[in-house]
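Chains as they are written, first to last, in numbering that gives the first Met the number 0: chain A, 0 to 90; chain B, 0 to 874. Every residue gets a Cβ at the ideal spot worked out from N, C-alpha and C, and that includes glycine.
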Amino acid sequence: MATIVVQFQIDGEGVARGLEEARDKLDSAGPKMVLDFSAVDRIDAAGLRALEDLTARADDKRVKLVLRGASIDMYKVLKLMKLAARFSFSN
Amino acid sequence: MVKNPANPTEERMAYLEGLITQAKTAAAVFSQFTQQDVDGMVKAMALAGLEQAQPLARLASEETRIGVLEDKVIKNMVATEFVYNYIKDKPTVGTIREFPERGLVEVAEPIGVIFSLIPITNPTSTVLFKCLMAIKTRNAVIFSPHPNAWRCSSEAVRIMYETAVRHGAPEGVFTCLEAHTLEDNAYLMRHKDVAMIDATGGQGAVRAAYSSGKPALGVGPGNTPVYLEKSADLSMAVVDIIVSKTFDNGTICASEQTVVIDDEIYDSTLKKFAELGTHVCNEKETEILGHALFDRQTGCMQAAAVGQKATDIARVAGLTVKPATKLLIAPIQGVGREHPLSVEKLCPVLSVYRAQSTDEALRMCLDVNHAGGLGHTAVIFSRNDDAIQKFSQVINAGRIIVNAPGSIGALGGVYNDMVPTFSFGCGTAGGNSTTDNVNIYHYLNLKRVARRTPAAMWFRVPNQIYFNFNAVANVRQFPSRSTVIITNPGLEQIGHADIVRRYLPLEASVHVCVIPDAEPELKAILQGVEALNLYKADQIIALGGGSMIDAAKIMKLKYESPEADLEELAAPFLDIRKRVVQYPTGKINPSRLIAISTTSGTGSEVTPFAVLFDKERGRKVTLADYSLTPDVAIIDPQFVMSMPKGLTADTGVDCLTHALEAAVSTYASCYSDCNAMQAIRMVFKYLPAAYQHPDEEEARSMMHNAACIAAMAFANAGVGVNHALAHAFGARFGVAHGRANALMLPHIIRYNASVPTKFRPSPNQRAYVADKKYATIADLLGLDGGTIEEKVKSLAAAVEQLLDQLEMPRSIAALGIAKESFEQALPDLVKVAFDDPSWLSNPRMPLMSELEELFCSAYNGRGTARGTSAGQQAA
Numbered sequence: 000m001a002t003i004v005v006q007f008q009i010d011g012e013g014v015a016r017g018l019e020e021a022r023d024k025l026d027s028a029g030p031k032m033v034l035d036f037s038a039v040d041r042i043d044a045a046g047l048r049a050l051e052d053l054t055a056r057a058d059d060k061r062v063k064l065v066l067r068g069a070s071i072d073m074y075k076v077l078k079l080m081k082l083a084a085r086f087s088f089s090n
Numbered sequence: 000m001v002k003n004p005a006n007p008t009e010e011r012m013a014y015l016e017g018l019i020t021q022a023k024t025a026a027a028v029f030s031q032f033t034q035q036d037v038d039g040m041v042k043a044m045a046l047a048g049l050e051q052a053q054p055l056a057r058l059a060s061e062e063t064r065i066g067v068l069e070d071k072v073i074k075n076m077v078a079t080e081f082v083y084n085y086i087k088d089k090p091t092v093g094t095i096r097e098f099p100e101r102g103l104v105e106v107a108e109p110i111g112v113i114f115s116l117i118p119i120t121n122p123t124s125t126v127l128f129k130c131l132m133a134i135k136t137r138n139a140v141i142f143s144p145h146p147n148a149w150r151c152s153s154e155a156v157r158i159m160y161e162t163a164v165r166h167g168a169p170e171g172v173f174t175c176l177e178a179h180t181l182e183d184n185a186y187l188m189r190h191k192d193v194a195m196i197d198a199t200g201g202q203g204a205v206r207a208a209y210s211s212g213k214p215a216l217g218v219g220p221g222n223t224p225v226y227l228e229k230s231a232d233l234s235m236a237v238v239d240i241i242v243s244k245t246f247d248n249g250t251i252c253a254s255e256q257t258v259v260i261d262d263e264i265y266d267s268t269l270k271k272f273a274e275l276g277t278h279v280c281n282e283k284e285t286e287i288l289g290h291a292l293f294d295r296q297t298g299c300m301q302a303a304a305v306g307q308k309a310t311d312i313a314r315v316a317g318l319t320v321k322p323a324t325k326l327l328i329a330p331i332q333g334v335g336r337e338h339p340l341s342v343e344k345l346c347p348v349l350s351v352y353r354a355q356s357t358d359e360a361l362r363m364c365l366d367v368n369h370a371g372g373l374g375h376t377a378v379i380f381s382r383n384d385d386a387i388q389k390f391s392q393v394i395n396a397g398r399i400i401v402n403a404p405g406s407i408g409a410l411g412g413v414y415n416d417m418v419p420t421f422s423f424g425c426g427t428a429g430g431n432s433t434t435d436n437v438n439i440y441h442y443l444n445l446k447r448v449a450r451r452t453p454a455a456m457w458f459r460v461p462n463q464i465y466f467n468f469n470a471v472a473n474v475r476q477f478p479s480r481s482t483v484i485i486t487n488p489g490l491e492q493i494g495h496a497d498i499v500r501r502y503l504p505l506e507a508s509v510h511v512c513v514i515p516d517a518e519p520e521l522k523a524i525l526q527g528v529e530a531l532n533l534y535k536a537d538q539i540i541a542l543g544g545g546s547m548i549d550a551a552k553i554m555k556l557k558y559e560s561p562e563a564d565l566e567e568l569a570a571p572f573l574d575i576r577k578r579v580v581q582y583p584t585g586k587i588n589p590s591r592l593i594a595i596s597t598t599s600g601t602g603s604e605v606t607p608f609a610v611l612f613d614k615e616r617g618r619k620v621t622l623a624d625y626s627l628t629p630d631v632a633i634i635d636p637q638f639v640m641s642m643p644k645g646l647t648a649d650t651g652v653d654c655l656t657h658a659l660e661a662a663v664s665t666y667a668s669c670y671s672d673c674n675a676m677q678a679i680r681m682v683f684k685y686l687p688a689a690y691q692h693p694d695e696e697e698a699r700s701m702m703h704n705a706a707c708i709a710a711m712a713f714a715n716a717g718v719g720v721n722h723a724l725a726h727a728f729g730a731r732f733g734v735a736h737g738r739a740n741a742l743m744l745p746h747i748i749r750y751n752a753s754v755p756t757k758f759r760p761s762p763n764q765r766a767y768v769a770d771k772k773y774a775t776i777a778d779l780l781g782l783d784g785g786t787i788e789e790k791v792k793s794l795a796a797a798v799e800q801l802l803d804q805l806e807m808p809r810s811i812a813a814l815g816i817a818k819e820s821f822e823q824a825l826p827d828l829v830k831v832a833f834d835d836p837s838w839l840s841n842p843r844m845p846l847m848s849e850l851e852e853l854f855c856s857a858y859n860g861r862g863t864a865r866g867t868s869a870g871q872q873a874a
């Protein structure tokens, strides 16, 4: 059976908004959701909160989250927030 | 022992967790910010702090009822303007310092979430200061103000926070605990997401911070002694002390507590104090004041007196003073419980003490220092540099303020160039982690990026080397008034010393000193030194084999520097450039050493080594230093034409071992390699002929050169395990050095060419290359083999074949040494070999078990040599 992978391009200017939209699409996401972070240079507190919320809901719905194109600086922020382990990363 | 307070209620815990999450998120977000980002925020915050300096001071004054409003305004301004001035141009993001010459870079990393305690005595200035530091270093802070200063401190936090966020700082970067308890503080101090505690305040808070198990900056109380030394500028000193001690009514913990005054100026000093509006207490008043300020039971200062005016304190104590009195001065007779005013008084009350001498003054200052002020601050007023220096050495204080007010001087940046701060580190004596004025660098984790630095290498040989037949004639060019030829009886007898004498300049008086031709003993060395002294030698000619030249090197050392302690100079070392013991540089009898070698093996004429035989302990002592290298080396084959066959073989194998070990040494360089490789080629080509046809001049001459060339290689690259084993074995069983080397050599080649069990740190080498080096040598010799492994095997076989040609024993057993006595000696042999510095440059770090295996292999011996004849190929 083919799996549907939902992909979201996260806008660097509105990370939190983009992540909220992604959260709303979790039900239809299938087993995996790819969040394209290649346009995100910096994440703010609201973005981090949205990301934390998204991971909690994805866990409930057993959706695997993949961050694509996240910079090493972004990865470091996720490590500091102890969120990195909740994602897979791809280039 | 600090008690662990109980956990807060669940509701309270949820509140505290919320604060932590907010701060942690802010810290994570902040980690993405650039230097430019934070610098903009810091400037805006400094301006906001300056603008609000007066309102905040007023708020602090009204709420705490401590201190002086006008001084609090100044403190707020110092905390913003002076701190900003200090930090504004300092990099705190990314690379902050570079040391290209050392290959070092420092990179700043924020700390994360800091939990910060704010004292009641400086409730707004400390907040302003810490906020600027935190933003400059990209950290988030949770503030815990003193409960009785919460309104003013939290207002200061609010002003700084809003300004920072307005200029782009992450939300939640500063938070302030609402009305809180010790339980809240303890919970936050222990929290896993709090990275550091910055506790400015009372002893309890500081102890709690350090007891939390978290990294902490705890800075506590002081008891500042002041030495008013007789040479001081009295007018300045008195004004400075009044300025300082009355500043904010004495609430700065660095302010003066006891002024120790030299007897000569005591009366005039008190007179000046009195003239400038202070009240000098009499004995009775001092006693009353002591009782009023301190609790008789606990010895603690009455909290109600902290930061109060002098007149109010006098009134409460029941003293009558003039209405304009700004400072109460209380003469005391000592330090301790019976002198309550000898400790910290956070109010405008100052103790004074009359000292009859400088020693007594320093003793009294030290007593005050030890009565609660260790590590904090001390002050001296003096124009005598010696007195200032003595005071600085004696007193244990992180800040020693010279000719300036203690409190404002310690803050830094106003009266001196110390770092501006509102947190004074008191060092370990004060139970703190630093003696610094706490600053931005304490809010950073500094990462040192250390690049591999290219190892400094060298190639050092004598200034002049003369070779080929009749090279000895060159001795005539060296001017000398008195030359001593050191040689052995045999060489003297066959006329070698006369040959040398023939070429010496006519004006030189020449003396021959004959010593036994064995490994030099101290006794023989000292006899030689006596001769050098007797003849006032300015030139020493060593004529002989390695032992004779070694002896001459040590004689020269002792002659030039009689104080040289040979035992000490023989101390072990890992790196010749970093050795503990340095060879003497001062020479009372400077002289030239010319080495003329009469054997073709040790190469001592060009090396920095000398071996001394310690007869008493039955061991060899190796001296190594480039200052031992002879000034001139003469490689004249006429002196080796009569070398016996056995000696030709032994010394020739020694030469080969030098070259092979230098080639694979961890200190090998392209400079030493070219010598080592060439020497190996020459040995394979000429040694069999020199051995079998002793009269063959070319073979003798080329082997003589080969020995010198190999020595130039190992003088700079070192030798290896082969020599360590041979030294131990040769000394134990009295076997000639070259022969002992021969027994080990094929085994060592195989050993070094295999992957080490243990790699040894060797900054000079980028890779493990011993096997490749051996393969290169095999190629040079034209040996068989396609792979590195095959070439190594061929080389070992070629060495075995050469040793057979030289009729070298194939095993230790073949020397007639019984297995039993060998096995009995084995543990000692291993120990001695492991202690031998020769292996330090070996490509494989030998384990003791491996040394034992190598000895056993040498005992059992090698098989019959097979493979291409390297001698034939090299020829």
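K877(B): contacting residues in chain A (beta-carbon distance under 8 Å):
Since the first residue of chain B shown is 0 and the last is 874, residue 877(B) is not available in this structure.
Using a C-beta cutoff of 8 Å, does A27(B) count as contacting chain A?
yes
Beta-carbon proximity list for P607(B), same chain, < 8 Å, skipping 5 on both sides
R459, A623, D624, Y625, S626, L627, T628 and A714
As a quick exercise: from G17(B), A470(B) and E518(B), pick the residue whose alpha carbon is nearest that of R501(B).
A470(B)
According to DSSP, which residues form a beta bridge with A198(B)?
L116(B) and G217(B)
I'd like to know if P169(B) contacts chain A, where contact means its C-beta is closer than 8 Å to some C-beta of that chain.
yes
8 Å Cβ shell around A83(A) - same chain, five flanking residues per side excluded
Y74 and L77
Members of the segment 33-52 of chain B that neighbour chain A once the beta carbon cut-off is set at 7 Å
none
C512(B): first and last residue of the uninterrupted beta strand (DSSP E) it sits in
S508 to V513
Check the DSSP bridge columns for D35(A) and list the partner residues they point to.
Q8(A) and R67(A)
May I ask you to report which of helix, strand or coil DSSP gives R578(B)?
coil
Is the CB of L47(A) under 8 Å away from at least one CB in chain B?
yes
Just reading off the alpha helix (DSSP H) that I158(B) is part of, what are its end residues?
W149 to R165
Whole-number beta carbon distance between A231(B) and R382(B), since they are thought to touch under 8 Å:
6 Å
Given 8 Å as the limit, is there contact between the segment 641-659 of chain B and the segment 671-683 of chain B, that is, 3 or more CB pairs closer than that?
yes
Could you work out which residues of chain B lie near D43(A), taking near to mean beta carbons separated by less than 7 Å?
V28 and P169
So which residues on chain B does D72(A) lean against when the C-beta distance must stay under 7 Å?
Q31
Three or more C-beta pairs closer than 8 Å, one from the segment 208-228 of chain B and one from the segment 352-372 of chain B: is that the case here?
yes
Taking 8 Å as the CB-CB cut-off, is V76(A) touching chain B?
yes
Classify F854(B) as buried or exposed, calling it buried when 16 or more other Cβ atoms lie within 10 Å of its own Cβ.
buried
Looking at the strands, I want to know which residues DSSP matches up with M300(B).
F293(B)
E799(B) to Y690(B) span [Cα, whole Å]:
16 Å
Provide the residue span of the alpha helix (DSSP H) that contains T91(B), from first to last.
Looking at the DSSP string, T91(B) is not in any alpha helix (DSSP H), and its letter there is neither H nor E.
Using beta carbons (cut-off 8 Å, strictly below), is M0(A) in contact with chain B?
Annotation note: pLDDT 48 at M0(A) (below 50); position unreliable, no value reported.
According to DSSP, is A632(B) part of a helix, a strand, or is it coil?
strand
For L565(B), tell me which candidate among P745(B), A739(B) and T621(B) has the shortest Cα-Cα distance.
T621(B)
Going by C-alpha distance, which of Y558(B), Q332(B), L573(B) and P571(B) is nearest T584(B)?
Y558(B)
Please confirm if the segment 185-204 of chain B is in contact with the segment 156-168 of chain B, defined as three or more CB-CB distances below 8 Å between the two stretches.
no
Where H145(B) falls, given that 16 or more other Cβ within 10 Å makes a residue buried:
buried
Need the endpoints of the alpha helix (DSSP H) that N368(B) sits in, please.
T357 to H369
What residues are listed by DSSP as bridge partners for F423(B)?
N436(B)
The beta strand (DSSP E) with H703(B) in it runs from where to where?
First-last for H703(B): E696 to A716, but that is the alpha helix (DSSP H), not the beta strand (DSSP E).
Checking the sheet assignment: what are the DSSP bridge partners for R447(B)?
E105(B)
Looking at the unbroken beta strand (DSSP E) that takes in K771(B), where does it start and where does it end?
Segment A769 to L779 is the alpha helix (DSSP H) holding K771(B); no beta strand (DSSP E) there.
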